[in-house]
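Trainee: Sequences listed follow chains B and S, in order.
Residues in the first sequence are numbered from 1 upward in steps of one, following the working numbering.
Residues in the second sequence are numbered from 1001 upward in steps of one, following the working numbering.
Before we start, here is the structure in question, set down as structure tokens.
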Amino acid sequence: MKTQSGPRSGSRRRHAVAGVLAAAAMAMTACGGSTSGGAPKPSGGEIPEFVFATQGTIGSLDLTKDFGAFGPVALINEQLEHSHSDGGFAPGLAAEVSETPKSLVYRLRPDAKFTDGKPVTAADVVFSIERARAAGAQTASYLTSVVKAEATGDNQVTVTLSRPDPALRALFAGAVAVVQKAYVEAHPENYGSSSALPVGSGPYSVGSFTPEQIVLNRNDRYWGEKPKIRQLTIRLLKDDDTTQLAMRSGDVDSTILIDVGNARRYQSIEGTTLIPITGNSISYLSLDTGQAPLSDQHVRKAIAYAIDRKPLFDTLFAGYWKNLEGFMTPDQLASVSSPSEAADFLKGLPQYPFDMERAKSELARSRYPEGFDLTVKVSPTFAWSEKLMLSLKQNLKPLGIDIEVKVVDPKAYVAEVYAHRNLGVKPLELGALTPDAAYILKLLVGSSTAVQNGLNTANFASADIDAAIAVLTSSPDRAKRFEAAKRLLGWIAEQVPYIPLFNQQTVRVMGRGFAYDAAVADQNDYANGSWIYKISATS
Amino acid sequence: MTALRFIARRLGALLLLLVIVSFVVFSLLSLAPGSLEQTLLGPTGMTDPASVEAIREKYHLDDSFLERYLHWAAAALRLDFGRSVHSGQPVMDVIVQRLPITAQLGLLTLLLVIAFGLPAGMISAIRRGRFADRLISSVSIVATSAPAFAVAVILIYVFGVQLAWFPPFGTGSGLVDRLHHLALPAVALAVGQFAFMTRQTRAAAMDVVDQDFVVFARGRGLSRSQVLFGYQIRNAALPVIASVGLLLIVSLSGTVLVETAFSLPGVGSLMIDSVSSDDIPVVQGLTLLAAAMVVVVNLLADLAMLALDPRIRMEGKG
Chain B
1 MKTQSGPRSG
11 SRRRHAVAGV
21 LAAAAMAMTA
31 CGGSTSGGAP
41 KPSGGEIPEF
51 VFATQGTIGS
61 LDLTKDFGAF
71 GPVALINEQL
81 EHSHSDGGFA
91 PGLAAEVSET
101 PKSLVYRLRP
111 DAKFTDGKPV
121 TAADVVFSIE
131 RARAAGAQTA
141 SYLTSVVKAE
151 ATGDNQVTVT
161 LSRPDPALRA
171 LFAGAVAVVQ
181 KAYVEAHPEN
191 YGSSSALPVG
201 SGPYSVGSFT
211 PEQIVLNRND
221 RYWGEKPKIR
231 QLTIRLLKDD
241 DTTQLAMRSG
251 DVDSTILIDV
261 GNARRYQSIE
271 GTTLIPITGN
281 SISYLSLDTG
291 QAPLSDQHVR
301 KAIAYAIDRK
311 PLFDTLFAGY
321 WKNLEGFMTP
331 DQLASVSSPS
341 EAADFLKGLP
351 QYPFDMERAK
361 SELARSRYPE
371 GFDLTVKVSP
381 TFAWSEKLML
391 SLKQNLKPLG
401 IDIEVKVVDP
411 KAYVAEVYAH
421 RNLGVKPLEL
431 GALTPDAAYI
441 LKLLVGSSTA
451 VQNGLNTANF
461 ASADIDAAIA
471 VLTSSPDRAK
481 RFEAAKRLLG
491 WIAEQVPYIP
501 LFNQQTVRVM
511 GRGFAYDAAV
521 ADQNDYANGS
531 WIYKISATS
Chain S
1001 MTALRFIARR
1011 LGALLLLLVI
1021 VSFVVFSLLS
1031 LAPGSLEQTL
1041 LGPTGMTDPA
1051 SVEAIREKYH
1061 LDDSFLERYL
1071 HWAAAALRLD
1081 FGRSVHSGQP
1091 VMDVIVQRLP
1101 ITAQLGLLTL
1111 LLVIAFGLPA
1121 GMISAIRRGR
1131 FADRLISSVS
1141 IVATSAPAFA
1151 VAVILIYVFG
1161 VQLAWFPPFG
1171 TGSGLVDRLH
1181 HLALPAVALA
1191 VGQFAFMTRQ
1201 TRAAAMDVVD
1211 QDFVVFARGR
1221 GLSRSQVLFG
1231 YQIRNAALPV
1241 IASVGLLLIV
1251 SLSGTVLVET
1261 AFSLPGVGSL
1271 MIDSVSSDDI
1281 PVVQGLTLLA
1291 AAMVVVVNLL
1301 ADLAMLALDP
1311 RIRMEGKG
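Structure (structure tokens):
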């Protein structure tokens, strides 16, 4: 469920986080070098050991210090609820949750225990919430609408909000790790490190934590379904080359590919199955509407028509990508509409397929019919962006538009975005934390975010936009929110401050001897810990 | 100058070096683009002013550059290198946790370099101008020219994957397993240093071969190996030991690349991770450690020379 949103600082950890978006929309097995005779057959039964590889580093198992640890933490400190990509929830530590526009009431299971035998109390939950929203915690920015959390009963916690926040319940599910108050208070500085390993109530407890790997052992005190895997090792590998070697030699049983262009190399490993996972991230080009020549709508449309997506992305992502019709995926509108309604609406928006004739005519209608010069900086973090800009450069040259592509340091790129200066054309990606339209749109349009540290790099704002954002983020009426979303998406499609590029899929790789239940797979599996139940050993 | 005064002077130089190096590194880090709060909070975090404020306050980011440096330096004098920004663990703990791997790797590399470089250099010198000499020289040149990273990848592919003689990554547990895992990384590192050792040894040995005492020893009927081991190697060793310090510096930079290629959680990969995540306390700690190591090793090499060569001791006393 959680991914990194917006420009990343180039740290590998965050790159890994951005890619991890679980679930398959449809089950697929790999072609090529994988098992002969169709999909592997699951065989139930205990799995003594399982090794999962993830790329990047995890500095701490304390979610407030390192949000990149969300995968292991979901297994160690069980979440209050498990959020699904369709907007639904499954109970976690909270058996029941009731919502009003300005409050969330969690009724906790009475039988949940920490691994040291102590029960999980309302006080622990309140402590965890306050900790997660303390200023400076990495999780704090998701919980800004929370005023306070208090124990309102033996096993009941009430969270009061300052304003209606329909996205909060899903954010809560991912951002709040329930920790044991007494333990954390005893280790204030180094909770989450190897000298103060987390004590949780989830299906696994921490055996060891080194920079190389996290070893998790099945928690026999867990109240819920016991997973089949007895010992789970999460290996932290540096990069894809190493991961691939590890899968080849059988040292690693599974991984989630972030750089899906490498999918073919995994396909050639015997016995592996590749399962595509629909992602919740959108990749786009941001065009600064406040700066000439991009301030001219016709210029922006000319650029939009000059992008040839298919050959470029098919190569870069080995086919694991989806075209974005409109600025969001139908899944991202799940909280305000049904998937078919959303898909129909998005298809009906103005589209900009590759068409150089239209690009020429748009430019001719602009204030710059002879063309102009443009410098575009790209960051190595978005590997696709350099290739895309070079391709655009070729396509736009005959029109008189001269683009100079400069690769810059990832941190400098990010710093410029935050400084909100020299925005021009910026290739960016945004991962949505929840399947909630409000989340993405409120970050990218509107006057409140067209400022320093804000992500409205297109400076796309108006009174109408602000009004629509207000409805989208705070109205309790689902239909009204959908209307507001439709208006906003319509304006984006008509005026092209952002050019949607692709929705990247990630790929779950299962090594020889293991299968993943793709039929019930969901994007959020890795983030909410349910992936562990969908793995089985094959016969 | 007695040995003690010698040591004292060198330690004094060490302190000065530490101050200069830490200051330079600190300045470079501040000049680098990006800021700590951007790295720690991420884009959604940056939209919450309260979080940004809190981070800036916690890490004194609003203070001037000099204030921050002095703040750090004052703590460092008390041997308090602060806590890692990322894990909250004390910097020393973080480094100490990772040091053994790098130390073991370094030691294994040194052993390989000496085991192969020394004999190769001696043979080169003894058979100077002949086929063996030319062969060894050519191999050395190729070995040095190959970048450590490229060698690492080739080794991983050939020996780790195709032949599967060695594990392609990781550290292993237990002595034998550890050696098994570190073999390829050590070879990757050693290859680059091989030429240096060979050439040094060759030059030193060639020098010795021509000396009167060697000719005299041969003339008196001592066997080849008696001359070799009794006189030649001992005398040739001096310049080689002196160059060990240089070898260490080359090792340090090579370690960073090799540890990354083999996914070894040593201080080399820690350095890379810390720099890219703006974990300044750890970077400063590592920098000081590296500087101190270089000086101490050179000091030890000099002391070894003092011990080995009576002539230097005599000069010193005079």
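For each residue, glycine too, the CB sits at the ideal point set by N, CA and C.
Mind checking if B/G529 is an interface residue toward chain S, Cβ cutoff 8 angstroms exclusive?
Mentor: Locating residue 529 of chain B in the first sequence gives position 529, counting from the first residue. Output row for B/G529: interface = no.
Trainee: What is the DSSP secondary structure of S/P1310, reduced to helix, strand or coil?
Mentor: On the second sequence, position 310 is the one that residue 1310 of chain S refers to. Three-state DSSP puts S/P1310 in a helix.
Trainee: Run through DSSP, which three-state label would S/H986 get?
Mentor: The structure shown does not extend to residue 986 of chain S, since chain S spans only 1001 to 1318, so no value can be given for it.
Trainee: Can you tell me whether S/H1071 is buried or exposed, with buried defined as 16 or more other CB within 10 angstroms of its CB?
Mentor: What you label residue 1071 of chain S is simply residue 71 of the second sequence in a count that begins at 1. Its Cβ having fewer than 16 others within 10 Å, S/H1071 is exposed.
Trainee: Helix, strand or coil: how does DSSP classify S/P1281 here?
Mentor: The count along the second sequence starts at 1 and reaches residue 1281 of chain S at position 281. Of the three classes helix, strand and coil, the one that applies to S/P1281 here is helix, per DSSP.
Trainee: Using a Cβ cut-off of 9 angstroms, which residues of the segment 1140-1172 of chain S contact any Cβ in chain B, in chain order?
Mentor: Listed by position, the residues of the segment 1140-1172 of chain S near chain B (Cβ gap below 9 angstroms) are V1153, I1156, Y1157, G1160, V1161, A1164, P1167, P1168, F1169, G1170 and T1171.
Trainee: Candidates S/A1307, S/L1061, S/D1212 and S/L1029: which alpha carbon is nearest S/S1276's?
Mentor: Here residue 1276 of chain S is taken as the residue at index 276 of the second sequence, counted from 1. The shortest Cα separation from S/S1276 among S/A1307, S/L1061, S/D1212 and S/L1029 belongs to S/L1029.
Trainee: Anything in the segment 125-156 of chain B with a Cβ closer than 7 angstroms to a Cβ of chain S? List those residues in chain order, please.
Mentor: Going along the segment 125-156 of chain B in chain order, one finds A135, G136, Q138, A140, S141, Y142 and T144 with a Cβ nearer than 7 angstroms to chain S.
Trainee: Ends of the alpha helix (DSSP H) at B/D239?
Mentor: Indexing the first sequence from 1 puts residue 239 of chain B at position 239. No alpha helix (DSSP H) contains B/D239, which DSSP labels as neither H nor E.
Trainee: Under 8 angstroms between beta-carbons, which chain S residues line up against B/P203? List them in chain order, please.
Mentor: The residue you call residue 203 of chain B lines up with position 203 of the first sequence. Going along chain S, no residue has its Cβ under 8 angstroms from B/P203, so there is no contact; the nearest lies around 24 angstroms.
Trainee: Could you tell me the alpha carbon to alpha carbon distance between S/M986 and S/T1201, rounded to whole angstroms?
Mentor: Within the shown structure, residues of chain S are numbered from 1001 to 1318, placing residue 986 of chain S beyond reach of any answer.
Trainee: Considering only C-alpha positions, which residue in the set S/L1066, S/I1020 and S/D1210 is nearest to S/Y1231?
Mentor: For the purposes of this step, residue 1231 of chain S is taken as residue 231 along the second sequence, with counting starting at 1. Per the Cα distances, S/D1210.
Trainee: Considering only their Cβ atoms, is the gap separating B/F50 from B/L232 smaller than 8 angstroms?
Mentor: Mapped onto the first sequence, residue 232 of chain B falls at position 232. Mapped onto the first sequence, residue 50 of chain B falls at position 50. Going by C-beta atoms, B/L232 is nearer than 8 angstroms to B/F50.
Trainee: Between which two residues does the alpha helix (DSSP H) holding B/A334 run?
Mentor: Here residue 334 of chain B refers to the residue found at position 334 when the first sequence is read from its first residue. Careful: B/A334 lies outside any alpha helix (DSSP H) and carries neither H nor E.
Trainee: Note down, in chain order, every chain S residue with its Cβ under 7 angstroms from the Cβ of B/P211.
Mentor: Residue mapping note: residue 211 of chain B aligns to position 211 of the first sequence, counting from 1. Chain S residues near B/P211: R1098 and P1265.
Trainee: For a contact defined as C-beta to C-beta under 8 angstroms, what are the partners of B/R248 on chain S?
Mentor: Working through the first sequence from its first residue, we reach residue 248 of chain B at position 248. Neighbours of B/R248 on chain S, chain order: V1161.
Trainee: Where does B/V376 fall in DSSP's three states?
Mentor: Start at 1 with the first residue of the first sequence, and residue 376 of chain B comes out as number 376. Note: B/V376 maps to strand in three-state DSSP.
Trainee: Which residues, taken in chain order from the segment 174-189 of chain B, show a beta carbon closer than 7 angstroms to some beta carbon of chain S?
Mentor: Listed by position, the residues of the segment 174-189 of chain B near chain S (Cβ gap below 7 angstroms) are E189.
Trainee: Given this structure, state the Cα-to-Cα distance separating B/T538 from B/R512, to the nearest angstrom.
Mentor: Translated into the one-based positions of the first sequence, residue 538 of chain B becomes position 538. Translated into the one-based positions of the first sequence, residue 512 of chain B becomes position 512. The straight-line gap from Cα to Cα measures roughly 8 angstroms.
Trainee: Can you give me the Cβ contacts of B/A196 inside the same chain, cut-off strictly under 6 angstroms, excluding the 5 residues immediately before and after it?
Mentor: Position 196 of the first sequence, counted from the start, is the residue given in the question as residue 196 of chain B. Same-chain partners within the cutoff: H187 and N190.
Trainee: Could you tell me the boundaries of the beta strand (DSSP E) in which B/D402 lies?
Mentor: For the purposes of this step, residue 402 of chain B is taken as residue 402 along the first sequence, with counting starting at 1. Run containing B/D402: D402 to V407, per the beta strand (DSSP E) assignment.
Trainee: Taking the continuous beta strand (DSSP E) assigned at B/Q452, which residues delimit it?
Mentor: Counting from 1 along the first sequence, the entry for residue 452 of chain B is found at position 452. Careful: B/Q452 lies outside any beta strand (DSSP E) and carries neither H nor E.
Trainee: Kindly list, in the order they appear in chain S, the residues whose Cβ is closer than 7 angstroms to that of B/K66.
Mentor: In the first sequence, residue 66 of chain B corresponds to position 66, counting from 1. According to the sequence shown, residue 66 of chain B is Asp rather than Lys. Per Cβ cutoff of 7 angstroms: H1086.
Trainee: Going along the chain, which residues of its own chain have a beta-carbon closer than 6 angstroms to the beta-carbon of S/P1167, five neighbours each way excluded?
Mentor: Your numbering for residue 1167 of chain S matches position 167 in the second sequence. H1181, listed in sequence order.
Trainee: Using only CA atoms, which one of B/E483, B/V414 and B/D253 lies nearest to B/F514?
Mentor: Here the question's residue 514 of chain B lines up with position 514 in the first sequence. Nearest of B/E483, B/V414 and B/D253 to B/F514, Cα basis: B/D253.
Trainee: Leaving out the 5 sequence neighbours to the left and right, which residues in its chain are closer than 7 angstroms to B/R478 when beta-carbon positions are compared?
Mentor: Counting from one through the first sequence, the residue named residue 478 of chain B turns up at place 478. Within the same chain, B/R478 has close Cβ partners V336.
Trainee: Shortest alpha-carbon distance to S/M1197 belongs to which of S/A1115, S/I1055, S/L1107 and S/L1300?
Mentor: Looking up residue 1197 of chain S in the second sequence gives position 197. Residue S/A1115 is the option with its Cα nearest to S/M1197.
Trainee: Using a Cβ-Cβ cutoff of 9 angstroms, what residues of the segment 410-435 of chain B are near chain S? List them in chain order.
Mentor: Listed by position, the residues of the segment 410-435 of chain B near chain S (Cβ gap below 9 angstroms) are P410, K411, A412, Y413, V414, A415, E416, V417, Y418, L430 and L433.
Trainee: Report the three-state DSSP secondary structure of B/Y106 (helix, strand or coil).
Mentor: Taking the first residue of the first sequence as 1, we reach residue 106 of chain B at position 106. Reduced to three states, the DSSP call for B/Y106 is strand.
Trainee: Of the residues that make up the segment 437-468 of chain B, which ones have a beta carbon closer than 8 angstroms to any beta carbon in chain S?
Mentor: Under the 8 angstroms Cβ criterion, the segment 437-468 of chain B contributes L443, T449, N453, G454 and L455.
Trainee: Within this structure, are the beta carbons of B/D436 and B/A167 separated by less than 8 angstroms?
Mentor: For the purposes of this step, residue 436 of chain B is taken as residue 436 along the first sequence, with counting starting at 1. For the purposes of this step, residue 167 of chain B is taken as residue 167 along the first sequence, with counting starting at 1. In this structure, B/A167 lies closer than 8 angstroms to B/D436 by Cβ.
Trainee: Quick check on S/V1142: does DSSP put it in helix, strand or coil?
Mentor: The residue given as residue 1142 of chain S occupies position 142 in the second sequence. S/V1142 falls in the helix class under three-state DSSP.
Trainee: What are the start and end residues of each continuous beta strand (DSSP E) run of 3 or more residues lying completely inside the segment 488-512 of chain B, in chain order?
Mentor: The segment 488-512 of chain B contains these whole beta strand (DSSP E) runs: 498-504 and 506-510.
Trainee: For B/Q332, which residues from the same chain have a beta carbon less than 7 angstroms from its beta carbon, with the 5 sequence-adjacent residues on both sides left out?
Mentor: Numbered from 1 along the first sequence, position 332 holds the residue referred to as residue 332 of chain B. Closer than 7 angstroms at the Cβ level, and outside the excluded window around B/Q332, lie N280, A432, P435, A437 and I440.
Trainee: In the structure shown, what three-state DSSP assignment does B/Q544 receive?
Mentor: It is not possible to answer for residue 544 of chain B, since the shown part of chain B is limited to 1 through 539.
Trainee: For S/D1062 and chain B, any beta-carbon pair shorter than 8 angstroms?
Mentor: If you number the second sequence from 1, residue 1062 of chain S lands on position 62. Not closer than 8 angstroms to any Cβ of chain B, the Cβ of S/D1062 fails to qualify, so no.
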